[in-house]
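One structure is given below, encoded as structure tokens.
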Amino acid sequence: MTQESFSSRKQHETQEHAEQIQVSTTGQSAGVDDLLDEIDSVLESNAEEFVRGFVQKGGQ
Amino acid sequence: MSARRLVGLETEYGIIRPGMPKANATVLSAQIVDSYAQLVAQGDARVQGARWDYADESPLQDARGFAMDRAAAHPSQLTDVEPAQQEGIWTAESIALSGNDARIGSTLYQEKDTTDVVMNMVLGNGARLYVDHAHPEYSSPESTSPRAAVLWDQAGDEVMRRAAASAQALGGGQLLLYKNNTDNKSVSYGAHENYLVPRAVEFSDLVAGLTPFFVSRQIFCGAGRVGRGMLGERAEFQVSQRADFFEAEVGLETTINRPIINTRDEPHAVWDKYRRLHVIIGDANLGQVSTLLRVGTTNLVLSLIEAGLAPKLELEDPVAALQQISHDPSLKTAVRLRGGRRLTAIEIQREYLRAAQAYCAQRGIEDADTAEILQRWEGILDLLERDPMLAADQVDWIAKYRLVTSFADRHGLGLDDPRIGLMDLQWADLRQDKGLYYRLAARGAMQTLFTQEQVNQAVAAPPEDTRAYLRGMTLQRYAPYVIAANWDALTFAVPGARRVNRVFLSEPLGGSRKDVGRLFDANLEIDEFINKLAPRA
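Protein sequence lines correspond, in order, to chains D and Y. Residues 1 to 60, numbered by full-length UniProt numbering, are exactly what the first sequence covers, in order. Residues 1 to 537, numbered by full-length UniProt numbering, are exactly what the second sequence covers, in order.
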């Protein structure tokens with residue numbers, strides 16, 4: 001692979017389709033519904049703050 | 001040609017101390033490793049692991065009683081002081097300077113009063129547990145089948161869980177570990193795969209054969225991510241945790257300008273015979289089927305490359321293609337090949353699958369591992385083509401995608417809702433009562449290959465058909481005499497001996513149970529053991 005193909009990356013990024021095609025979510029198993037029924041008791045409280053607090057240092 | 005190959009998987013885990021976002025990550029990571037070392041030293045988790053029912057809290061209660069005194073004086077547990085005061089104690093740099101050999105013996109297995117912190121150890125199952133920069137890392141023992149690679153990778157998750165529980169029992173506070181690859185705030189950390197490849201294979205052939213495969217395999221082994229870009233600046237779902245952190249096609253780096261094909265050349269084995277292909281592009285998978293597919297299909301593609309039979313596909317821009325595929329959960333995006341042809345990720349994978357099927361059929365290769373991988377590979381591509389959601393019980397990203405989109409639909413939320421971001425993160429929480437992957441798996445919504453009992457056994461015992469057997473069994477039986485260990489050597493200090501004995505394990509398939517099992521069966525004294533071992537290794 002060459003530098004040449006690497007340098008063409010930007011132009012393809014602009015062509016990229018940003019749209020996310022909604023994938024069918026039919027046929028869900030009961031497991032998902034069960035988990036969602038009790039999700040409030042499973043999720044950490046104060047979602048926004050918890051996510052903000054998840055800060056990692058560099059890795060490989 | 002087969003789906004069997006010598007493989008080892010490394011995972012760097014995300015780590016936090018809840019409520020202390022500025023806690024020194026290197027110190028937290030050291031606390032994990034040292035807490036596991038203490039667990040081993042006290043209760044010999046290597047041996048007891050197989051019988052240790054983790055739901056039973058009593059082993060931890062015992063540990064708590066034993067360790068509270070020591071904890072007070074233990075530097076690794078001073079994580080409740082301000083980070084500024086800790087900076088001088090340990091930094092990633094000072095750990096890197098401490099070298100690569102795991103120190104065992106004096107720090108781990110002798111009762112003595114010490115403020116040394118164990119940052120790097122080899123476990124009784126042949127794995128390595130250590131602090132890598134700012135993350136605790138588990139590197140699995142070498143195994144030879146895709147299923148075994150999955151099992152000892154899952155064992156690493158269990159080791160980390162036990163380490164975190166030990167740290168808490170020792171009075172070091174709560175540490176949360178995550179098997180993910182980004183904090184969605186610019187940082188990514190890896191889940192690396194290592195494959196043994198004959199050195200005779202041209203590296204340029206590996207690059208050409210692997211690049212389209214690595215760009216597209218995420219469709220069945222991506223871990224899923226809510227967030228676009230290195231900073232996660234847009235709340236959109238994508239297939240891979242890692243895709244947005246890759247910027248180059250081939251290179252040596254692993255932390256900056258990450259390449260799709262990593263050129264690190266450090267075989268940990270006979271140099272002129274082997275190469276260790278170091279793969280940095282994968283996501284860490286909690287799901288067992290995703291891990292199986294990731295390793296098994298890669299083994300088959302490496303075999304195709306070795307036979308000169310890999311499909312000749314050349315992507316026009318591999319890095320862009322990697323991201324285009326990741327950014328489209330419908331899997332309909334087609335990426336450009338040189339010459340203008342366009343293929344979807346599923347179509348690229350089918351080219352590789354067909355080549356592998358043809359070769360195996362022609363040569364009559366039908367070992368159980370190869371047959372399973374070929375069958376699963378075809379099956380998963382068929383499902384993904386019909387509707388990705390049909391593979392939600394097998395593929396990590398799809399399971400996550402189904403969960404977060406169902407939640408969003410139920411409450412009329414966008415993916416930018418903070419609870420969606422939390423679900424993305426908590427998916428990978430290693431606690432089995434909190435991690436959403438585990439909660440889903442407990443409801444039978446994820447296919448699994450191994451039971452918790454089997455995983456516990458793999459925490460305690462090494463694979464039997466590689467040098468990991470000799471390494472792990474030696475640590476189980478003769479740990480007090482082992483002063484250093486790494487992938488390809490064991491160093492012994494025997495009382496009364498004038499010099500240390502270094503035993504090299506340069507042949508990764510040597511030191512198997514078949515080779516050396518009878519030495520362990522014979523229950524030899526240490527000097528006898530080394531004498532019988534030395535000429536062989």
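Just so it is clear, CB atoms sit at the ideal spot from N, CA and C, and this is done for glycine as well.
Nearest residue (CA-CA) to residue i, options the options
| i | options | result |
| --- | --- | --- |
| G14/Y | A3/Y, L6/Y, S29/Y, G8/Y | S29/Y |
| R4/Y | L151/Y, V319/Y, V295/Y | V295/Y |
| G19/Y | Q60/D, G59/D, V51/D | V51/D |
| L505/Y | I325/Y, L309/Y, E142/Y, R518/Y | E142/Y |
| L175/Y | L430/Y, Y478/Y, V516/Y, V494/Y | L430/Y |
| G472/Y | Y438/Y, V494/Y, R443/Y, R513/Y | R513/Y |
| S2/Y | P495/Y, E366/Y, L413/Y, Y401/Y | E366/Y |
| A392/Y | K400/Y, T211/Y, R386/Y | K400/Y |
| D265/Y | N194/Y, Q324/Y, A243/Y | N194/Y |
| M160/Y | I346/Y, A441/Y, L252/Y, V40/Y | V40/Y |
| I380/Y | A361/Y, R350/Y, G364/Y | R350/Y |
| Q238/Y | L252/Y, Q218/Y, G251/Y | Q218/Y |
| I325/Y | Q241/Y, W377/Y, L196/Y, A148/Y | Q241/Y |
| L36/D | S406/Y, D424/Y, A134/Y, L524/Y | S406/Y |
| P329/Y | G340/Y, T344/Y, R336/Y | T344/Y |
| I280/Y | L293/Y, E385/Y, R258/Y | R258/Y |
| V494/Y | V201/Y, P480/Y, P136/Y | P480/Y |
| R477/Y | L519/Y, G340/Y, D424/Y | L519/Y |
Where residue i falls, given that 16 or more other Cβ within 10 Å makes a residue buried
| i | result |
| --- | --- |
| I530/Y | buried |
| S140/Y | buried |
| T114/Y | Below a pLDDT of 50, predicted positions are generally treated as unreliable, and T114/Y, at 46, falls in that range; the measurement from the model is reported next regardless. Looking at its Cβ environment, which holds fewer than 16 other Cβ atoms inside 10 Å, T114/Y is exposed. |
| A358/Y | exposed |
| A484/Y | buried |
| W271/Y | exposed |
| D317/Y | buried |
| N285/Y | buried |
| A522/Y | exposed |
| N262/Y | buried |
| K179/Y | buried |
| L252/Y | exposed |
| R338/Y | exposed |
| R386/Y | exposed |
| H411/Y | exposed |
| V500/Y | exposed |
| R225/Y | buried |
| G444/Y | exposed |
Counterpart residues of residue i in DSSP-defined beta bridges
| i | result |
| --- | --- |
| F246/Y | R258/Y |
| E193/Y | L9/Y, V279/Y |
| T182/Y | S188/Y |
| F237/Y | V226/Y |
| I16/Y | L176/Y |
| residue 585/Y | Lying before the first or after the last residue shown, residue 585/Y is absent from chain Y, which here runs from 1 to 537. |
| P198/Y | Y274/Y |
| T491/Y | A484/Y, R502/Y |
| A334/Y | T344/Y |
| S143/Y | V7/Y |
| M121/Y | L129/Y |
| G53/D | G53/D is not bridged to any residue. |
| G251/Y | N262/Y |
| L519/Y | DSSP output for L519/Y lists no bridge partner at all. |
Partner residues on chain Y for residue i, Cβ-Cβ distance less than 8 Å
| i | result |
| --- | --- |
| S41/D | Those do not exist, as S41/D stays about 10 Å from chain Y at its closest Cβ, beyond 8 Å. |
Within chain D, partners of residue i - CB distance below 7 Å
| i | result |
| --- | --- |
| W130/Y | Residue 130/Y is actually Tyr in this sequence, not Trp. Per Cβ cutoff of 7 Å: no residues; Y130/Y is ~13 Å from chain D at best. |
| A445/Y | S29, G31, V32 |
| R439/Y | L35, V42 |
| F407/Y | L36, I39 |
| Y189/Y | Q56, G59, Q60 |
| L383/Y | Ordered by position in chain D, no residue passes the 7 Å Cβ test against L383/Y, which lies about 12 Å from the chain. |
| S495/Y | Sequence check: residue 495/Y is Pro here, not Ser. Near P495/Y there are no residues of chain D at all, since even the closest Cβ is about 40 Å away, more than 7 Å. |
| K273/Y | Those within 7 Å of K273/Y in chain D number zero; the least Cβ separation is about 26 Å. |
| I16/Y | G53, F54 |
Residues that residue i contacts on chain D, provided the C-beta gap is smaller than 9 Å
| i | result |
| --- | --- |
| M423/Y | I39, L43, A47 |
| T255/Y | G58, G59, Q60 |
| H192/Y | Q60 |
| A134/Y | Q56, K57, G58, G59 |
| K185/Y | R52, F54, V55, Q56 |
| K400/Y | In chain order: nothing, as chain D lies at least about 11 Å away. |
Beta-carbon neighbours of residue i, restricted to chain D and to distances below 8 Å
| i | result |
| --- | --- |
| Q426/Y | V42, L43, E44 |
| D393/Y | S29 |
| E12/Y | G59, Q60 |
| R403/Y | First, the amino acid is wrong: residue 403/Y is Leu here, not Arg. Under the 8 Å cutoff, chain D gives V32, L35, L36. |
Handout entry: Complete runs of the alpha helix (DSSP H) confined to the segment 414 to 462 of chain Y [at least 4 residues]
Key = Listed in chain order, they are 418 to 426, 436 to 442, 452 to 460.
Handout entry: Length at least 3, wholly inside the segment 262 to 301 of chain Y: the beta strand (DSSP E) runs in chain order
Key = Taking only runs of at least 3 residues, the beta strand (DSSP E) segments lying wholly in the segment 262 to 301 of chain Y are 274 to 279.
Exercise for the section: May I have a chain-ordered list of the alpha helix (DSSP H) segments no shorter than 4 residues that lie completely inside the segment 365 to 395 of chain Y? Expected result: Every alpha helix (DSSP H) stretch that sits fully inside the segment 365 to 395 of chain Y and reaches 4 residues is listed by chain position as 368 to 386.
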